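In UniProt numbering, the protein residues as written are 1 to 153. These notes concern the structure reproduced below.
Dropping the structure here:
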């Protein structure tokens with residue numbers, strides 16, 4: 001189980017090696033994604049709080065990267081944080097997420113990205129529930145929910 005100490009170590013010392021890498025030119029990402037998905041995942045944007053379709057969804061399934069379909073989070077570790085964005089306590093695998101220090105907007109945070117394709121997902125904070133104490137605050141537009149009955153929500 002990852003802890004805040006692990007997150008900081010990855011952000012400072014380097015990230016775990018992903019299972020695979022996917023790199024595409026910006027033009028291909030633009031063709032593949034909606035304008036909002038592109039703005040968030042490729043340009044490090046964010047969606048308005050409480051606006052994302054996945055914010056209040058608690059269907060069973062797996063949350064995958066909208067850009068490369070890499071599994072990121074499982075529905076069993078999703079929780080209601082009250083922040084307005086889907087929140088999770090752990091990634092599906094230690095090497096699914098990439099961590100980088102983010103000093104934008106006059107504050108220091110830890111940005112989380114898909115470790116396969118570098119898509120911006122959101123940020124992680126040390127104020128989540130036990131036992132990990134982590135809160136991965138993720139944009140709905142950066143993920144697709146794969147359920148047993150459907151592959152995209």
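Where is the CB? At the ideal position from N, CA and C, for every residue including glycine. None of the values given here were measured: they were computed from a predicted structure.
Check, Outcome
"Spatially closest choice to residue 56 from 127, 138 and 148, by CA coordinates", "138"
"Spatial distance of residue 140 from residue 83 (CA atoms)", "13 Å"
"From 68, 9 and 14, residue whose alpha carbon lies closest to that of residue 37", "68"
"Where residue 120 falls, given that 16 or more other Cβ within 10 Å makes a residue buried", "buried"
"Segment contact, 8 Å Cβ cut-off, at least three pairs: the region 40-60 with the region 84-99", "yes"
"Proximity below 8 Å, CB of residue 100 to CB of residue 113", "yes"
"Length of the line joining the Cα atoms of residue 43 and residue 14", "22 Å"
"Local conformation of residue 28 per DSSP, three classes", "helix"
"Span of the alpha helix (DSSP H), counted from its first residue to its last, around residue 8", "4-13"
"Proximity to residue 65 [Cα-Cα], best of 116, 30, 109 and 105", "116"
"Separation of residue 109 from residue 156, as counted between CA atoms", "One cannot answer for residue 156 here, as it falls past the ends of the chain, which runs 1 to 153."
"DSSP three-state assignment for residue 153, whether helix, strand or coil", "Interpretation of residue 153 is limited by its pLDDT of 43, a score under 50 that renders its predicted location unreliable; the figure taken from the coordinates is listed afterwards. Coil, per DSSP."
"Paired residues, beta bridge with residue 136 - DSSP", "88 and 124"
"Member of 127, 61, 27 and 19 whose CA lies at the smallest distance from the CA of residue 146", "61"
"CB contact flag (residue 72, residue 63, <8 Å)", "yes"
"Own chain residues within Cβ distance below 8 Å of residue 12, not counting five before or after", "101"
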